[in-house]
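2 protein chains.
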Amino acid sequence: MSAADLRKPAIVLIRPQLGENIGKAARAMLNFGLTEMRLVEPRDGWPNPSAGPAASGADIVLERATVYSSTAEAVADCAHVYATTVRKRGVTKPVLTPEEASREMASQPGRSAILFGPERSGLETEDVALARAILTVPINPEFGSLNLAQAVILCAYEWSKHEQLVQPTQEDLLPPAPQEELDGLISHLEGMLDPKGYYLPETRREATRRTLRGVLTKPGWNHLEVRTLRGVLSALEREPRK
Amino acid sequence: MSAADLRKPAIVLIRPQLGENIGKAARAMLNFGLTEMRLVEPRDGWPNPSAGPAASGADIVLERATVYSSTAEAVADCAHVYATTVRKRGVTKPVLTPEEASREMASQPGRSAILFGPERSGLETEDVALARAILTVPINPEFGSLNLAQAVILCAYEWSKHEQLVQPTQEDLLPPAPQEELDGLISHLEGMLDPKGYYLPETRREATRRTLRGVLTKPGWNHLEVRTLRGVLSALEREPRK
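Just so you know, the protein sequences line up as chains A and B, in that order. Just so we're aligned: the first sequence equals residues 1 to 242 in full-length UniProt numbering. Just so we're aligned: the second sequence equals residues 1 to 242 in full-length UniProt numbering.
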């Protein structure tokens, strides 16, 4: 993959329902030069014969699309994950417009991904929890009815404005660690907390996990920082020095 | 018509073919607060029963749509007419992006109109001649395949940036905790790490402390987040549950 391609955000469609909509999203992407589509659990499997005709020639995007069984897996290599939502739902993460998010993506090192939920329901709280920021299109408060391909095209369009503007980034500014390194840190900590009863009562376990994940996702720690924190955890697991 | 409505550009569809596409264009418009659609010689007449379902609830735009027998008549009251084309065709008119055109429309007095041609063929030279400027979406030179509704939504979206539609607000985003709360967290952690030998050798103690403080300062955690992390540390200090 070329350096230019690595700067482009991956478009991640989570549990998309209709193949036709996947095709339309591909067409929307390619209009503005985006080529990397990732699919998480497409409802009707993949490849989907309805996608091709709707892509109106954007076949290359569909041919290269990759399929994942979880959102976490789909963004494992991404340093910057944005979750698109129509409205905020009590999530305490930064909320950016497509314009602001595109400016960020163009200026920061590391791969970016934009998450789009299923056609009807949008992203689950679980998926949003993986993102460091929310991407919301400011829309008519009395008529918000963007379909999947429209949401994709607005993001792709805004992104394309920055394509030629990419500044060489400061070398000493490391990108956030890939998502899988962050996940390693979080799992390590969870493994230490669980025996201490931190996640009890059981009914609160998932909410508690999400809260803690949110706190640790916010910083955008780079891989050196994540490594430092892994060292902290390992030290805490040790027996005290005599 | 209100003063606010008079500032909004009219969307002029010239010889549109499918009712479904007229409906989709209406939906695209209303998402970004545009309500005035003008139709010039719609192929299948007007009203068109296929338009309503495709509008997904943007019925008000279709109900108010007005029909004209020529482009000149449709824009007779407009001071600023923009003709959308995918590529410029030797026309000696200013060529603007949707962003530039929206900035103009927002700043100049007088009504504006944006012309869109038929689905397949685009605007005729005749129609373009009525416009003072060309509006072109900068698109992938190797794959330009915007459909009518997509072209409309990009123009409507850009225009809406100049209106005060709801911007995503961040009122529920708390400021970073006061420094003393962060210090409390850091001291708590240091108190746990020191007996484990984390700061050894002694000569590295200050550098190690600085590194860890840097990692924990970067996030700008708010006071709820700091409290969560204090809870994590307290849990780690506990004896495991039997």
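Idealized CB from N, CA, C, for every residue including glycine. Being a predicted model, the structure only gives us computed values, none of them experimental.
Out of the options, state which residue places its alpha-carbon closest to the alpha-carbon of residue i.
i: B:Glu180; options: B:Leu236, B:Val226 and B:Thr208; result: B:Val226
i: B:Val128; options: B:Ile14, B:Ala106 and B:Leu229; result: B:Ile14
i: A:Glu100; options: A:Leu212, A:Glu124, A:His162 and A:Ala65; result: A:His162
i: A:Pro98; options: B:Tyr157, B:Tyr82 and B:Pro42; result: B:Tyr157
i: B:Val86; options: B:Arg43, B:Ile60, B:Gly122 and B:Asn222; result: B:Gly122
i: B:Glu63; options: B:Leu236, B:Pro47 and B:Thr228; result: B:Pro47
i: A:Ala3; options: A:Leu182, A:Ile153, A:Lys218 and A:Ala106; result: A:Ala106
i: B:Ala177; options: B:Leu212, B:Asp194 and B:Gly220; result: B:Gly220
i: A:Arg213; options: B:Ile114, B:Thr228, B:Met1 and B:Lys8; result: B:Thr228
i: B:Leu130; options: B:Glu104, B:Asn140, B:Val81 and B:Ile139; result: B:Val81
i: A:Arg7; options: A:Glu104, A:Val95, A:Asn140 and A:Glu126; result: A:Glu104
i: A:Thr125; options: A:Arg210, A:Lys218 and A:Glu202; result: A:Arg210
i: A:Ala235; options: B:Ile139, B:Met1 and B:Gly197; result: B:Gly197
Applying the 10 Å Cβ sphere with the 16-neighbour rule, what's the burial state of residue i?
i: A:Asp5; result: exposed
i: B:Arg120; result: exposed
i: B:Glu73; result: exposed
i: B:Gly117; result: buried
i: A:Gly191; result: exposed
i: A:Gly19; result: buried
i: A:Gly45; result: exposed
i: A:Val232; result: buried
i: A:Ser102; result: buried
i: A:Ala10; result: buried
i: A:Thr35; result: buried
i: B:Pro240; result: exposed
i: A:Pro42; result: buried
Note down, in chain order, each residue of its chain lying with its Cβ closer than 6 Å to the Cβ of residue i, except the 5 sequence neighbours on either side.
i: A:Ala65; result: Met37 and Leu39
i: A:Tyr199; result: Arg205 and Thr208
i: A:Gly33; result: Ser160
i: B:Lys93; result: Ala133 and Ile134
i: A:Leu30; result: Ala58 and Val61
i: B:Pro49; result: none
Looking only at its chain, what residues have a beta carbon closer than 8 Å to the beta carbon of residue i, apart from the 5 residues adjacent to it on each side?
i: B:Ala151; result: Thr84, Phe116 and Val137
i: B:Leu224; result: Leu174
i: B:Ala79; result: Gln108, Pro109, Gly110, Arg111 and Ser112
i: B:Leu148; result: Leu13, Pro16, Asn21, Lys24, Ala25, Phe116 and Glu119
i: A:Gly184; result: Val226 and Arg230
i: B:Leu216; result: Leu182, Leu185, Ile186 and Leu189
i: A:Ala28; result: Ala149, Gln150, Val152, Ile153 and Ala156
i: B:Arg77; result: Residue identity check: residue 77 of chain B is Asp in the sequence provided, not Arg. Within the same chain, B:Asp77 has close Cβ partners Arg111.
i: B:Pro195; result: none
i: A:Glu202; result: none
i: A:Ile139; result: Val86 and Leu146
Is there at least one Cβ from chain E nearer than 9 Å to residue i's Cβ?
i: B:Ser160; result: Absence of chain E from the displayed structure is noted, the protein chains being A and B.
Which residues in the same chain have their Cβ closer than 7 Å to the Cβ of residue i, if we skip the five residues on either side of it in sequence?
i: B:Glu237; result: Met192
i: A:Val75; result: Val12, Val81, Ala113, Leu130 and Gln179
i: B:Pro168; result: Low confidence applies to B:Pro168: its pLDDT is 46, below 50, so where it sits in the model is not reliable, and the reading given next is rough at best. So the list is empty, once near-sequence residues are dropped.
i: A:Lys218; result: Arg132
i: B:Asn222; result: Leu174, Pro175, Pro176 and Ala177
i: A:Met1; result: none
Would you say the beta carbon of residue i is closer than 8 Å to some non-hydrogen atom of the ligand FAD?
i: B:Leu96; result: Annotation note on the ligand FAD: not contained in the displayed structure, which lists no ligands.
When the Cβ atoms of the region 62-80 of chain B are set against those of the region 140-151 of chain B, are three or more pairs found closer than 8 Å?
no
Can you confirm whether the region 46-60 of chain B touches the region 20-27 of chain B when touching is taken to mean that 3 or more C-beta pairs between the two stretches lie within less than 8 Å?
yes
Continuous beta strand (DSSP E) assignments of at least 3 residues falling wholly in the region 56-120 of chain A
66-68, 80-84 and 112-116
Alpha helix (DSSP H) segments (min. 4 residues) lying fully within the region 186-219 of chain A
205-217
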